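Student: If you want our numbering, it's the 1-based position in the sequence shown plus 437.
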Amino acid sequence: MVSREPAPRASRAERVAADLEHEILSARLPVGAHLGRRSEIMDRFGISPTVMSETLRILRDRDLVTVRPGPGGGITVASARPQVRVGALDLWFQPSTPHPLDLFEARLYLEFGLTKAAFERADSDDIAAMRSASVAMRAATGAAQYFDAVLAFHGVVAAAAHIPVLEGMHQLVVTSIKAVLTRVVFVRHHKVLLASSLDVHDDIVAAIALHDQASFVDAINRHDQDLIRVDDPDRTPHTPQRP
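Below you can see the structure in the form of structure tokens.
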């Protein structure tokens, strides 16, 4: 499930846990990094021992921290979450098998074939659905909502291919991605990347609607260019390109 910013009525412990989670993930703190002692974090956030205990319970349930009692102890980072960057978005995941990057790569190659089939087979209802999905992407107000809208857009394109078996496989991969996704945020200075992504998706729909092969190939290649980036360059897959 995608984690979003705490709701306005979230408890004090949930808000502090969200702040500490953001600190761990955005700074990419390594396993074992020291966050402080209980008393230090209580002073930092101005919270009571009861709220502190609930904050730690939330973070431990998410496998984010370990608490070591006694001298030399304190609160430390428990695990390093797998991270994938997709255009304007940074995404963090629970450790899983297969690795989240493998799920993204499977999605990428499924969409490669499905989008080509959609170009050849989409009817007027399919194109109308794609346009509606593009509108939903532009209307998204946050990173998590935008990511959901992107997945929904590609689900519509997959349906337009009219290959039920491959569409079902695509839905399974997307469901698997969502099942291990824990946090999604926009990268710093994301607005240019976001604007480009929105334009490219609109261009894909326009090319399919006009059945313009050259424009379609150009839009798909721009869409897939540097689609997935991670901290370890050896784990970044080569994206499929159409000649």
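Where a beta carbon is used, it is the ideal one built from N, C-alpha and C, also for glycine.
Here the structure is a predicted model, which is why all the values come from computation and not from measurement.
Take every Cβ of the stretch 622-635, pair it with every Cβ of the stretch 525-543, and state whether three or more of those distances are shorter than 8 Å.
Tutor: Yes: at least three Cβ pairs fall under 8 Å.
Student: What does the alpha-carbon distance come out to for the pair P537 and P519?
Tutor: Approximately 7 Å between the Cα atoms of the pair.
Student: Check for me: the beta strand (DSSP E) holding T513 runs from which residue to which?
Tutor: Counting along the chain, the beta strand (DSSP E) containing T513 begins and ends at G511 to V514.
Student: What do you get for E542, buried or exposed, if any count of 16 or more other CB atoms within 10 angstroms of its CB means buried?
Tutor: Counting Cβ neighbours within 10 Å, E542 comes out buried, since at least 16 surround it.
Student: H599 by DSSP, collapsed to three states: which one?
Tutor: Coil at H599, not helix or strand.
Student: Give the single residue among V621, M567, R568 and F530 whose Cα lies nearest to the Cα of Q582.
Tutor: Nearest of V621, M567, R568 and F530 to Q582, Cα basis: V621.
Student: Within the continuous alpha helix (DSSP H) that includes T487, where are the two ends?
Tutor: Where T487 is concerned, the enclosing alpha helix (DSSP H) stretches over P486 to D498.
Student: Is it buried or exposed for G511, if we count other Cβ within 10 angstroms and need 16 for buried?
Tutor: When all chains shown are included, G511 counts as buried.
Student: Does H627 come out as helix, strand or coil in the three-state DSSP assignment?
Tutor: In this structure, H627 counts as coil in the three-state DSSP scheme.
Student: Using a Cβ-Cβ cut-off of 6 Å (strictly less than) and excluding sequence neighbours within five positions of W529, which residues of its own chain qualify?
Tutor: Correct list, in chain order: L462, R518, Q520, T619 and R620.
Student: Taking only beta-carbon atoms, is L457 less than 8 Å away from chain B?
Tutor: The structure shown has no chain B; it contains just one protein chain.
Student: Is it true that the CB of P532 sits closer than 8 Å to the CB of A516?
Tutor: One point to set straight first is that residue 516 is Ser, not Ala, in the sequence displayed. Yes, these two residues count as a Cβ contact at 8 Å.
Student: Could you tell me the distance, in whole angstroms, from the CA atom of L457 to the CA atom of L493?
Tutor: Near 10 Å, if we compare the C-alpha coordinates of L493 and L457.
Student: If you draw a straight line from the C-alpha of R465 to the C-alpha of D562, how long is it?
Tutor: Going by the C-alpha atoms only, they are around 44 Å apart.
Student: Return yes when at least one heavy atom of the ligand SAM lies under 7 Å from the C-beta of A566, else no.
Tutor: Looking for the ligand SAM in the displayed structure turns up nothing, as the structure carries no ligands at all.
Student: Where does H638 land, buried or exposed, given buried means 16+ other C-beta within 10 angstroms?
Tutor: Classification of H638: buried, given that the 10 Å Cβ count is 16 or more.
Student: For F653, tell me which candidate among G483, A470 and A554 has the shortest Cα-Cα distance.
Tutor: Comparing Cα-Cα distances from F653 to each of G483, A470 and A554, the minimum goes to A554.
Student: What residue range does the beta strand (DSSP E) around G469 cover?
Tutor: Looking at the DSSP string, G469 is not in any beta strand (DSSP E), and its letter there is neither H nor E.
Student: Let me know the secondary structure DSSP gives R620 once reduced to three states.
Tutor: Reduced to three states, the DSSP call for R620 is strand.
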